[in-house]
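**Q** I'd like to ask some things about the structure below.
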Amino acid sequence: MNKLKLNYTSLSFIPILVCIPLGYQLINNINFGGFKLFQEFLISAFNPKIDNEIIIIVIKRLNETISIGFFSWLVSIIFGAIFGIISSNIFYKIFNIPNFFYHIVRFFLTIIRSIHEVVWGILLMQIYGINFSIGIIAICIPYIAVNSKVFAEQLETIDYKSFESINQINAPKFSSLLTLIWNPIINTFKNFGLYRLECSIRSTVILGLFGIGGIGTSIFLSFQTLNFRELWTYLWSLAILIILSGLIFKKIKFNTTNKILSIFFISVFFITILFSFSYFLYFIFNTNFENFNSVSSLFKSSSDLGLFDFLKLISETIILSLLSTGIAISLPPLVIGIFNNNTSKIFIKIFAFLLRLIPTPVILLTLLTFNNPSVSLAALTLGLHNAGITSKLLFTNLDSQDKRNYIAMKSLGISKKTSWLLGLFSQQAKSYLAYCAYRSDIIIRETAIVGVIGSVGLGWQLQESLSSFAWQEVTLVLIAYSSIAIVGELINGKIKNSLT
Amino acid sequence: MNNTVLELENISYKYKDDLILNKINLKINSGEKIALLGKSGSGKTTLISVINGTIKPTQGEVKLFNESFEELDRKQKSKITTIWQDLRLIEDLSAEQNVNCGLLAENNFYFAFKNLLNISSFKKAHKYMKLCRLHNSIYDKKIRKLSGGQKQRVAIARSLIQESNILLADEPFNNLDPKLITTIKNLLLENADKNKTKKSPKTALVALHRLDLLNDFDKVIGIRDGKIFFNIKRNNLKKIHLEKIY
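Structural data, given as structure tokens:
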């Protein structure tokens, strides 16, 4: 008997097997009474509420969302670049700093990055209460660490020989550093900066669902009152914002040879740093420190969380991550492969856009109308949302790919689906899997959001512990959550390296 | 009077289990032009890298102006300039920005900043680029868009602009056409520039493959398997010497 040989194409489809246990649990948990509500939700998409009052609210809420999103993006991209430099090996080589510090900085940033902005938001809200700046800070903390990773990765591609060459000129160390990192930093900003602004806006929306303000808060409130028409007004306005910003971003081109523009960017850079530090100091000296008393009771409070329960929560979170990743990897190629015609493509693209657009808590709340809370439901939500993102990448790559193989195979009489699979997708499978490995890092972090809403895993426990001010439990949950994310990042890093 | 500018004392360099340089002793006097001969992999590039401080020797000491290289400050170390075989230019910067990088040692951070923003003066860079027969149409072109010969001359201009006393060059005439080789060789090795348009390095150690380029050198050093086989005046070079190293 021939041995089963796995290749990148088959590896892209195998994870769909997660749908078997997932489907079984979902079917068992169906609540038929809730379908009417779900139907109402779907119908409202075509009949959103439009009147003067709601338009004013939309403008006000979008303004808040854009402000929080923009400021958190600006601060996180600038400090991300600074931390990216500090966490890149080139910095340590130039200043002859022992590698030990390099690992310390990297580890610190990995921990910060491993905790989702929603978790930071919930924590900060518990300590400082709800206000505009908490939203910015909650997004900035993990985003600085995420951005720093991207900048550091780019800086580590600097040719070591260029470093030796500049080093041999014996220039002042800061001059050498600046000369070497200038272009990688600018290029990373050009390629990655605007995408991060979009991410920032999305995160603001999600944080809004937890009460931070902006359009997210309105979405959540209208869902709670089952006002689906109003809900869809907010969702469509968010869609318009994302589409418009995408179109504007495409038009923006950074010209680094333009001296005035360069000086403007540098001024913004320094003003942001100055403003951030001033604000940080203001924040520290104007905070009601009484709130810290609850944090200081961290080590005094006792935990009711048993070891068995705790391990169960950890395993739930891991299972949730695996199931969601399975869906996010395999669903897009499967659906695109099966419905491989131009009309279906348009529908798949619209559906994928909606999955990206609707925040995961809203998808989950919608699904909860006809299904009981479970790991499978949370996994389906997270999987579908991320499948929307992976499918966008897959469509972009497939559309720009050379189609000669596909045409040649079709001309040989091979079926359209097989030609697509072997002539088109097989060439993308490797890079697609590499991207999915990166995506699964994000999925692990996002388990916190669906956990809070869907009553599963560590996310739910975090919410519970915070509500009861059980700070020791909060710490335990955060450590566990962070550890899972770090281990996941290490494994995915290995997978990515083997694929690229 | 001792006019030794560079001295290598018992230099060895081991990479993993391979001994790349084996107990090299060498003295280079001020104003000497030395050609370094040897086949590929003989240790020429490693020797240059040890002299300019890029590689630390496993054993032995490099002395510059009778002082240990390790103990010299940045300004003193900048008296050595290197032209690398693989050029080591910064691909994303323009030709003139790369040449200006040669001035980083004598300027402050603000100069580096202005150079990257394209708002620094390129007057000196242009002078050396012109001397290297680079056409002004390529001054603001990114390195990645230049031909091999143009890149070679940008690297040479970057080295010359440093106006250092000692030149280390690893195959500096690669990618150049025969006419240009003569021009560039004169630029690098001329003792005194008649027109005072540039300061040539007084002392030079140049790794070469082509024997027809030896005529302007005072001495020839032959290296094989990381060992110096001969260190003689150019006029005394015989076929038997070359047979030892090739």
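As you go down the protein sequences, you meet chains U and A in turn. Here our numbering is used: position 450 in the first sequence is 450, and no number is missing along the way. Here our numbering is used: position 149 in the second sequence is 649, and no number is missing along the way. Note that beta-carbon positions come from the ideal geometry of N, C-alpha and C, so glycine has one too. Please read these numbers as outputs of a predicted model, since none were measured by experiment.
Run through DSSP, which three-state label would A/Thr-582 get?
**A** On the second sequence, residue 582 of chain A is found 82 positions in, with the first residue counted as 1. Note: A/Thr-582 maps to strand in three-state DSSP.
**Q** Using a Cβ cut-off of 9 Å, pull out every chain U residue sitting near A/Ile-619, in sequence order please.
**A** Within the second sequence, the letter at position 119 stands for residue 619 of chain A. Chain U residues near A/Ile-619: Lys-259, Ser-262, Ile-263.
**Q** Is it buried or exposed for U/Ala-408, if we count other Cβ within 10 angstroms and need 16 for buried?
**A** Along the first sequence, one-based indexing puts residue 408 of chain U at 408. U/Ala-408 is exposed by the Cβ-count criterion.
**Q** What whole-angstrom Cβ distance do A/Ser-512 and A/Leu-521 have, given they're in contact under 8 Å?
**A** Numbered from 1 along the second sequence, position 12 holds the residue referred to as residue 512 of chain A. Numbered from 1 along the second sequence, position 21 holds the residue referred to as residue 521 of chain A. That belief holds up - the Cβ atoms of A/Ser-512 and A/Leu-521 are roughly 6 Å apart, short of 8 Å.
**Q** Using the Cβ count rule (16 or more neighbours within 10 Å means buried), how would you classify A/Asp-640?
**A** In the second sequence, residue 640 of chain A corresponds to position 140, counting from 1. Classification for A/Asp-640: exposed.
**Q** On the DSSP bridge list, what partners appear for A/Leu-670?
**A** One-based indexing of the second sequence puts residue 670 of chain A at position 170. According to the sequence provided, residue 670 of chain A is Asp. The question's Leu does not apply to it. Answer is A/Ala-707.
**Q** I'd like the list of long-range same chain contacts for A/Ile-728, defined as Cβ closer than 8 Å, with 5 residues on each side in sequence excluded.
**A** Here residue 728 of chain A is taken as the residue at index 228 of the second sequence, counted from 1. Same-chain partners within the cutoff: Ile-524, Asn-525, Leu-526, Ile-721, Gly-722.
**Q** Who are the near neighbours of U/Tyr-92 in its chain, counting only those whose CB is closer than 8 Å to its CB and skipping five residues on each side?
**A** Within the first sequence, the letter at position 92 stands for residue 92 of chain U. Contacts found: Pro-98, Asn-99, Phe-101, Tyr-102.
**Q** Which residues of the segment 161-183 of chain U have a Cβ closer than 8 Å to any Cβ of chain A? Give them in chain order.
**A** From the segment 161-183 of chain U, only Lys-161, Ser-162, Glu-164, Ser-165, Ile-166, Asn-167, Gln-168, Ile-169, Asn-170, Ala-171, Pro-172, Phe-174, Ser-175, Ser-176, Leu-178, Thr-179, Leu-180, Trp-182, Asn-183 have a Cβ closer than 8 Å to chain A.
**Q** From U/Gly-23 to U/Ile-30, what distance separates their C-alpha atoms?
**A** Along the first sequence, read from residue 1 onward, the residue named residue 23 of chain U stands at position 23. Along the first sequence, read from residue 1 onward, the residue named residue 30 of chain U stands at position 30. If I take the Cα positions, the gap works out to 11 Å.
**Q** Tell me A/Ile-534's beta-bridge partners as DSSP assigns them.
**A** If you number the second sequence from 1, residue 534 of chain A lands on position 34. Answer by DSSP bridge pairing, in chain order: A/Leu-705, A/Lys-719.
**Q** Compute the Euclidean distance between the alpha carbons of U/Gly-208 and U/Pro-172, then round it to the nearest angstrom.
**A** Position 208 of the first sequence, counted from the first residue, corresponds to residue 208 of chain U. Position 172 of the first sequence, counted from the first residue, corresponds to residue 172 of chain U. Looking at the two C-alpha atoms, the distance is approximately 47 Å.
**Q** So, is the C-beta of A/Lys-623 closer than 8 Å to a C-beta in chain U?
**A** Here residue 623 of chain A corresponds to residue number 123 of the second sequence, with the count starting at 1. With 8 Å as the cut-off, A/Lys-623 does not count as an interface residue toward chain U.
**Q** Using the three-state DSSP reduction, which class does U/Val-456 fall into: helix, strand or coil?
**A** Here residue 456 of chain U refers to the residue found at position 456 when the first sequence is read from its first residue. If DSSP states are grouped into helix, strand and coil, U/Val-456 belongs with coil.
**Q** Tell me, please, whether the CB atom of A/Asp-725 is closer than 8 Å to any CB atom in chain U?
**A** The sequence position of residue 725 of chain A within the second sequence is 225, counting from 1. No, no contact with chain U.
**Q** Spell out the partners DSSP gives A/Asn-731 in its beta bridges.
**A** Taking the second sequence and counting its residues from 1, the one referred to as residue 731 of chain A is at position 231. Looking at the DSSP assignment, A/Asn-731 forms a beta bridge with A/Ile-721.
**Q** Cβ atoms of U/Arg-113 and U/Ser-567: under 8 Å apart, would you say?
**A** Since the first residue shown for chain U is 1 and the last is 500, residue 567 of chain U is missing from the structure and cannot be characterised.
**Q** Thinking just about the alpha-carbon of each residue, which of U/Thr-157, U/Ile-82, U/Tyr-128, U/Thr-65 is nearest to the one in A/Glu-591?
**A** Start at 1 with the first residue of the second sequence, and residue 591 of chain A comes out as number 91. For the residues U/Thr-157, U/Ile-82, U/Tyr-128, U/Thr-65, the minimum Cα distance to A/Glu-591 belongs to U/Thr-157.
**Q** Which one of A/Glu-509, A/Gly-541, A/Ile-534 has the shortest CA to CA distance from A/Gly-726?
**A** Here the question's residue 726 of chain A lines up with position 226 in the second sequence. Ranking A/Glu-509, A/Gly-541, A/Ile-534 by Cα distance to A/Gly-726 puts A/Gly-541 first.
**Q** Decide if A/Pro-672 is buried, meaning its Cβ has at least 16 other Cβ atoms within 10 Å, or exposed.
**A** Start at 1 with the first residue of the second sequence, and residue 672 of chain A comes out as number 172. Label assigned to A/Pro-672: buried.
**Q** Please classify U/Thr-179 as buried or exposed, where buried requires at least 16 neighbouring CB atoms within 10 angstroms.
**A** Locating residue 179 of chain U in the first sequence gives position 179, where the first residue counts as 1. Per the 10 Å Cβ criterion, buried.
**Q** Would you report the Cα separation of A/Lys-694 and A/Leu-708, rounded to the nearest angstrom?
**A** In the second sequence, the residue the question calls residue 694 of chain A occupies position 194. In the second sequence, the residue the question calls residue 708 of chain A occupies position 208. For A/Lys-694, the pLDDT reaches just 48, beneath the cut-off of 50, and the residue's location in the model is therefore unreliable, leaving the point undetermined.
**Q** The beta strand (DSSP E) with A/Tyr-515 in it runs from where to where?
**A** Taking the first residue of the second sequence as position 1, residue 515 of chain A is located at position 15. Segment 504-515, the beta strand (DSSP E) holding A/Tyr-515.
**Q** Under 8 Å, do A/Asp-464 and A/Leu-689 count as touching if we go by C-beta distance?
**A** Chain A is shown only over 501 to 746; residue 464 of chain A falls outside these bounds and no answer can be derived.
**Q** Roughly how many angstroms lie between the CA atoms of A/Arg-644 and U/Phe-339, to the nearest whole one?
**A** For the purposes of this step, residue 644 of chain A is taken as residue 144 along the second sequence, with counting starting at 1. For the purposes of this step, residue 339 of chain U is taken as residue 339 along the first sequence, with counting starting at 1. The straight-line gap from Cα to Cα measures roughly 44 Å.
**Q** At a cut of 8 Å, does the segment 360-375 of chain U reach the segment 453-464 of chain U through at least three beta carbon pairs?
**A** The segment 360-375 of chain U is in contact with the segment 453-464 of chain U.
**Q** What residues from chain U crowd round A/Asp-670, counting only those whose CB sits closer than 7 Å?
**A** If you number the second sequence from 1, residue 670 of chain A lands on position 170. Chain U residues near A/Asp-670: none, gap ~12 Å exceeds 7 Å.
**Q** Going by DSSP, which residues form a beta bridge with A/Asp-642?
**A** Here residue 642 of chain A corresponds to residue number 142 of the second sequence, with the count starting at 1. The question names Asp, but residue 642 of chain A is Lys in the sequence shown. A/Ser-594, per the DSSP bridge assignment.
**Q** For U/Ser-12, I'd like the list of residues in its chain whose CB is within less than 7 Å of its CB, leaving aside the five on either flank, ordered along the chain.
**A** For the purposes of this step, residue 12 of chain U is taken as residue 12 along the first sequence, with counting starting at 1. These residues qualify, in order along the chain: Ile-329, Ser-330, Pro-333, Ala-429, Tyr-432, Leu-433.
**Q** DSSP three-state call for A/Asn-525: helix, strand or coil?
**A** Here residue 525 of chain A is taken as the residue at index 25 of the second sequence, counted from 1. DSSP places A/Asn-525 in strand when its eight states are reduced to three.
**Q** Please confirm whether U/Ile-66 and U/Ser-218 have their CB atoms less than 8 Å apart.
**A** To locate residue 66 of chain U, count along the first sequence from 1; it is residue 66. To locate residue 218 of chain U, count along the first sequence from 1; it is residue 218. Contact: no.
**Q** With a threshold of 8 Å between beta-carbons, can A/Ala-692 be considered close to chain U, or not?
**A** In the second sequence, counting from the first residue as 1, residue 692 of chain A sits at position 192. For A/Ala-692, the predicted model reports a pLDDT of 43, less than 50, meaning its position is unreliable; a value from the coordinates is still stated below. No, A/Ala-692 does not count as interfacial toward chain U.
**Q** Residues of chain U with CB closer than 7 Å to the CB of A/Gly-541, please, in chain order.
**A** Translated into positions along the second sequence, residue 541 of chain A becomes position 41. Those do not exist, as A/Gly-541 stays about 18 Å from chain U at its closest Cβ, beyond 7 Å.
**Q** By alpha-carbon positions, which one of U/Pro-361, U/Ala-239, U/Phe-310 ends up nearest to U/Phe-224?
**A** By 1-based counting over the first sequence, the position of residue 224 of chain U is 224. Here the sequence assigns Gln to residue 224 of chain U, which means Phe is not the residue at that position. Residue U/Pro-361 is the option with its Cα nearest to U/Gln-224.
**Q** On a CA-only basis, which of A/Asn-510, A/Glu-743, A/Glu-532 is nearest A/Lys-733? Give me that one, please.
**A** Stepping through the second sequence from its first residue, residue 733 of chain A is reached at position 233. A/Lys-733 has its Cα closest to that of A/Glu-532, out of A/Asn-510, A/Glu-743, A/Glu-532.
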